[in-house]
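Asker:
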Amino acid sequence: MSENKDPHVAESGDSGVESVKFVYDFTEGNRDLKDLLGGKGANLAEMTNLGLPVPPGFTITTEACKTYLDSGDEPAALRDEASAHLDALEGKMGKKLGQADDPLLVSVRSGAKFSMPGMMDTVLNIGLSDKSVQGLAKQAGDDRFAWDSYRRLIQMFGKTVLGVEGELFEDALEAAKHTKKVAVDTDLEAADLKKLVTKFKKIVKTEAGRDFPQDPREQMDLAIHAVFDSWNTDRAKLYRRQERIPHDLGTAVNVCSMVFGNLGPDSGTGVAFTRDPASGHEGVYGDYLQNAQGEDVVAGIRNTVALADLEQIDKKSYDQLMQIMKTLENHYRDLCDIEFTIERGQLWMLQTRVGKRTAGAAFRIATQLVDQGLIDEAEALQRVNGAQLAQLMFPRFDASAAEGGKMSQIGRGIAASPGAAVGKAVFDSYTAVKWSRSGEKVILVRRETNPDDLDGMIAAEGILTSRGGKTSHAAVVARGMGKTCVCGAEELEVDTKRRRMTVTGGHVVEEGDVISIDGSSGKVYLGEVPVVPSPVVEYFEGRMHAGADDADELVEAVHRIMAFADRKRRLRVRANADNAEDALRARRFGAQGIGLCRTEHMFLGDRRELVERLILADTDAEREESLKELLPLQKQDFVQLFEAMDGLPVTVRLLDPPLHEFLPDITELSVRVALAEAREDPHENELRLLQAVHRLHEQNPMLGLRGVRLGLVIPGLFTMQVRAIAEAAAERKNAKGDPRAEIMIPLVGTVQELEIVRDEAEQVIAEVREQTGVDLKLALGTMIELPRAALTAGQLAEAAEFFSFGTNDLTQTVWGFSRDDVEASFFTAYLEKGIFGVSPFETIDRDGVGKLVRDAVQAGRETRPDLKLGVCGEHGGDPESVHFFHEVGLDYVSCSPFRIPVARLEAGRAASSSQGSDHR
């Protein structure tokens, strides 16, 4: 056989013709084949290679899924390949699938490249039938176990494969417990479960229009197709949009021989983490449930015991699990999430993956692993991201208010995902979404969540459940989304049908009542708990020092990661700031200058009247008088800004917005004029303003008289601003300061516009230099925010010393979007239809806007090799966009002060060559 360069390709027969390989035994794969085998299949293969106890099985590839989804039918070769692997599995196990006297049973489980907890389908116990259930009972010596396994199969198969409403099975199970007068399903006896199987089969017949299939191979094939189909369920697509997972990956399918945790008290199932996924602390973390199958733990239907309790229940299995956890963490060099089953004292590993973790845990674990010598600084940067850092900067509850008796604590559960969330209690996902869209903040309250609750979980500020633990569906999904979550608050009696919950003491919380949940402590409060700044923000503000004795350990971890990033990054990070207060805060947050000072913000408030007089000026003398009054005010603004940013560059954008934005609203003004006329009051000024508003009215002001066009049409406007900048710089120099002003001309479309304004600016700067005797060096450049500017960047670079990409307006003009209109009208539909993976105003559109930026960078630097290049749109603080700007060779990004730490971190990550782990 010739060497296969591609593991997806195999030789076919003696002809040497290569064919696509669709099925892999667990002994054939490895963790590097996630694209092909999915995360679950690749990691099952990796554990098999490590010699860990993994039940035998095989994986059907993502390529088979993609073929099935594209064509509506499985690949022609798949059935024969699956049959060959099933035969091999049967040979290994010494029994046939569904064999009447001693059945081989298998699970069919999804497994995409990126973890999508609970979003796709799983069916356990495939191979059971009316005949083989008898054989299973005989072999196990346990009738109850056999009938419990059979009812689970019919329930899962009915819901997942045949589309039967899951509540019908749940209601039948609850009725059986009610009849028996027991609280949990483990108290049902074999006879009860046998009756339940009969009831479940009737439900299937009635709802699906067919009998539950008795042929085990039909069960397996239908389950495989159902897993393929689950890739395109609404909940799976919604989750992928939320987590930015590509829609074209498909899912693999894992067929694994069953091991049983529901054989009695010496059996069980659990989920373990090699470190605490909520805090990052080392130790024994996880949940265990005796006499149960895996879905019982994740669903949160029965409350679990802590994993540490397993040591008392089954010390041999516990010790073996601890050793395996250590092996896996050292092998993967990361926090591992593990699913396991114990069958009559025998431990089996069912899954491992790099575990999802909270933002705080991510920072702590990254630094811990560096200290342990498992990873280096570059890899540590890949283990965290800007979104996690932003989450750590959110406010937290004020402990003095929460604990000081000012707030009513109504319950406490498990701190599953940290954060402070306040909102109105809602009891179903539909209401959560509906109220959220109306602007209400909501907390989704459920007994336990399931994958169908995803849209409500996304809409809510936080999630509260009365059942489940740290590994329940609610906890795992909330941690992945960075959403506050409290689980297993058992003292809360949640009644979803009556839309209320009853708390200890009998108090009732109705839908719409405000509650607060603390995902760091697990505490639940009635009413709105006040919030205080997070310790991470206090650190960036300089009010908390990482090395201090009382420093928060999380602050220490953030400090170290930020130091790693600052050492690695090439991109400098500036701030969008318009006043000294914002500039000083930006500097504390690590800004290396101002990339955008919007001078229009200096014309608001009391100064609006001066701008109105400028607009209403009928003569040159009146206009010059208005500009003369504005000059000292502008100059003082710049003096304060240059002082705050002393020694760092400050890019000042000359006036950009249309003048009508400084005038009263046309409707409001018309009413004022009409009322004045009706009362016969003097209204000459209002009338002149109204006439000016009509005169300046534009159908599309974004593309009208604004930016450089204002400077060309209104004499003296831009030269006044340039003079104010130059005089402020001279004053700071005389005060022994180090002002580094850069003047940016907005909305340029042609080099002739730029040359005219530049020449006038240089003349003014020369006059100030002459008048003050101060040697001034002010850089002159332009914003690139129109497609034509990007396309003619080579020409513009002849007249500009720097470019700053205004990607907000560039996105609008490239797409033909008015942002204020389109985001409210049709963006949601575009996102739902997959036209956008994410809004182009949130993350740079690499193929369109990004191509213009890339081409403009190249053309500009060909003309002027020392051209300074930056970006000042809010994309400058978006994590994914920062990576793009690093790739195309910009010198800096600029963003709002609060996003500066995020930009610093992402710039470091972009510069780091390590690929790292992907925790999606």
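Using numbering that gives the first Met the number 0, you'd call the opening residue of the sequence shown number 0 and step up by one each time. Positions of the beta carbon are idealized from the N, C-alpha and C atoms, including for glycine.
Taking 7 Å as the limit between beta carbons, can you name the residues of its chain near Asp454, skipping five residues before and five after?
Answerer: Taken in chain order, the residues that qualify are Leu237, Ser428 and Val432.
Asker: Measure the C-alpha to C-alpha separation of Leu626 and Glu642 and round it to an integer number of angstroms.
Answerer: Approximately 24 Å, taken between the alpha carbons.
Asker: Could you check which residue in Glu490, Ile516 and Val513 has the C-alpha nearest to that of Gly505?
Answerer: Per the Cα distances, Glu490.
Asker: For the structure I just gave you, are there three or more beta carbon pairs, one from the segment 555 to 570 and one from the segment 850 to 863, closer than 8 Å?
Answerer: Cβ pair count under 8 Å is below three, so no.
Asker: Would you report the Cα separation of Phe272 and Ser519, rounded to the nearest angstrom?
Answerer: Cα to Cα, Phe272 sits roughly 18 Å from Ser519.
Asker: When you compare only the Cα positions, how much space is there between Val283 and Ala488?
Answerer: So the two alpha carbons sit approximately 22 Å from each other.
Asker: Going straight from the alpha carbon of Gly285 to that of Val485, what length do you get?
Answerer: Distance between the alpha carbons of Gly285 and Val485: 16 Å.
Asker: With a threshold of 7 Å on Cβ separation, who are the neighbours of Val132 within its own chain once the five nearest residues in sequence on each side are excluded?
Answerer: Hits under 7 Å: Ala145, Trp146 and Tyr149.
Asker: So within the segment 505 to 558, which uninterrupted alpha helix (DSSP H) runs reach at least 4 residues, ignoring any that extend past its ends?
Answerer: You should have 534 to 540.
Asker: How far does the beta strand (DSSP E) with Trp347 in it reach, from first residue to last?
Answerer: Taken as a continuous stretch (DSSP letters only), the beta strand (DSSP E) holding Trp347 covers Gln345 to Val353.
Asker: Going along the chain, which unbroken runs of the alpha helix (DSSP H) with 4 or more residues stay wholly within the segment 196 to 244?
Answerer: Those alpha helix (DSSP H) runs which fall completely within the segment 196 to 244 and span 4+ residues are 215 to 229 and 233 to 242.
Asker: If you draw a straight line from the alpha carbon of Thr340 to that of Val270, how long is it in whole angstroms?
Answerer: Rounded to whole angstroms, Thr340 to Val270 spans 9 Å at the Cα level.
Asker: Compute every distance between the C-beta of Ile764 and the non-hydrogen atoms of the ligand PLP, then say whether any falls below 7 Å.
Answerer: This structure does not include the ligand PLP; it has no bound ligands of any sort.
Asker: Can you find the residues in the same chain that come closer than 8 Å, C-beta to C-beta, to Asn329, ignoring five residues on each side of it along the sequence?
Answerer: Excluding residues within five positions, the ones whose Cβ falls inside 8 Å are Leu373.
Asker: So what's Arg466 in DSSP terms, helix, strand or just coil?
Answerer: In this structure, Arg466 counts as coil in the three-state DSSP scheme.
Asker: Can you check which of these residues, Val721, Phe21, Phe588 and Thr806, is closest to Ala251 by C-alpha distance?
Answerer: The candidate whose alpha carbon is nearest that of Ala251 is Phe21.
Asker: Just the Cα atoms here: how many angstroms apart are Gln762 and Arg687?
Answerer: Gln762 and Arg687: Cα-Cα distance of roughly 35 Å.
Asker: Using the beta-carbon count (16 or more within 10 Å), is Pro264 buried or exposed?
Answerer: Answer is exposed; the Cβ neighbour count stays below 16.
Asker: Cβ of Pro745 less than 8 Å from any chain C Cβ?
Answerer: In the displayed structure, chain C is absent; only one protein chain is listed.
Asker: What is the residue span of the beta strand (DSSP E) that Arg382 lies within?
Answerer: Careful: Arg382 lies outside any beta strand (DSSP E) and carries neither H nor E.
Asker: By a C-beta neighbour count over all protein chains shown, 10 Å radius and 16 as the cutoff for buried, is Arg497 buried or exposed?
Answerer: Exposed, since its Cβ has fewer than 16 Cβ neighbours within 10 Å.
Asker: For my contact list, Arg382 and Ile364 are in at a C-beta cut-off of 8 Å; report their separation, rounded to the angstrom.
Answerer: That belief holds up - the Cβ atoms of Arg382 and Ile364 are roughly 7 Å apart, short of 8 Å.
Asker: Beta strand (DSSP E) containing Ala858: first to last residue?
Answerer: Not the beta strand (DSSP E): Ala858 falls in the alpha helix (DSSP H), residues Val848 to Thr862.
Asker: Assign Lys158 to one of two classes, buried (16 or more other C-beta atoms within 10 Å of its C-beta) or exposed (fewer than that).
Answerer: The residue in question, Lys158, is buried, as its Cβ has 16 or more Cβ neighbours within 10 Å.
Asker: Ends of the alpha helix (DSSP H) at Phe168?
Answerer: Taken as a continuous stretch (DSSP letters only), the alpha helix (DSSP H) holding Phe168 covers Gly165 to Lys179.
Asker: Please list, in chain order, all residues of the same chain as Phe835 whose beta carbon is under 6 Å from its beta carbon, the five residues on each side excluded.
Answerer: Excluding residues within five positions, the ones whose Cβ falls inside 6 Å are Tyr829.
Asker: Are there 16 or more other CB atoms within 10 angstroms of the CB of Glu905, so buried, or fewer, so exposed?
Answerer: Counting Cβ neighbours within 10 Å, Glu905 comes out buried, since at least 16 surround it.
Asker: Report the three-state DSSP secondary structure of Gly805 (helix, strand or coil).
Answerer: It is coil, neither helix nor strand.
Asker: Below 8 Å between beta carbons: does that hold for Phe560 and Leu380?
Answerer: Residue identity check: residue 560 is Ile in the sequence provided, not Phe. Cβ atoms of Ile560 and Leu380: closer than 8 Å.
Asker: Report buried or exposed for Pro102, applying the criterion of at least 16 other Cβ atoms within 10 angstroms of its Cβ.
Answerer: Result: buried.
Asker: Under the rule that 16 or more other beta-carbon atoms within 10 Å means buried, what is Asp247, buried or exposed?
Answerer: Exposed, by the Cβ-count rule.
Asker: How many Å lie between Phe826 and Gly703 at the Cα?
Answerer: Cα to Cα, the separation comes out at about 25 Å.
Asker: Considering only residues of the same chain and omitting the five flanking positions on each side of Leu609, which have a CB-CB separation below 7 Å?
Answerer: If we look at Leu609 and ignore the five residues flanking it on each side, its Cβ neighbours are Ser625, Glu628 and Leu629.
Asker: Taking Leu262 and Ala139 to be in contact with their CB atoms under 8 Å, please state how far apart those CB atoms are, rounded to whole angstroms.
Answerer: Yes, they are in contact, since the Cβ atoms of Leu262 and Ala139 sit about 6 Å apart, within 8 Å.
Asker: Just list the residues that DSSP pairs Phe867 with in beta bridges.
Answerer: The question names Phe, but residue 867 is Lys in the sequence shown. BP columns for Lys867 point to Phe801.
Asker: Could you compute how far the alpha carbon of Lys314 sits from the alpha carbon of Lys198?
Answerer: Distance between the alpha carbons of Lys314 and Lys198: 39 Å.
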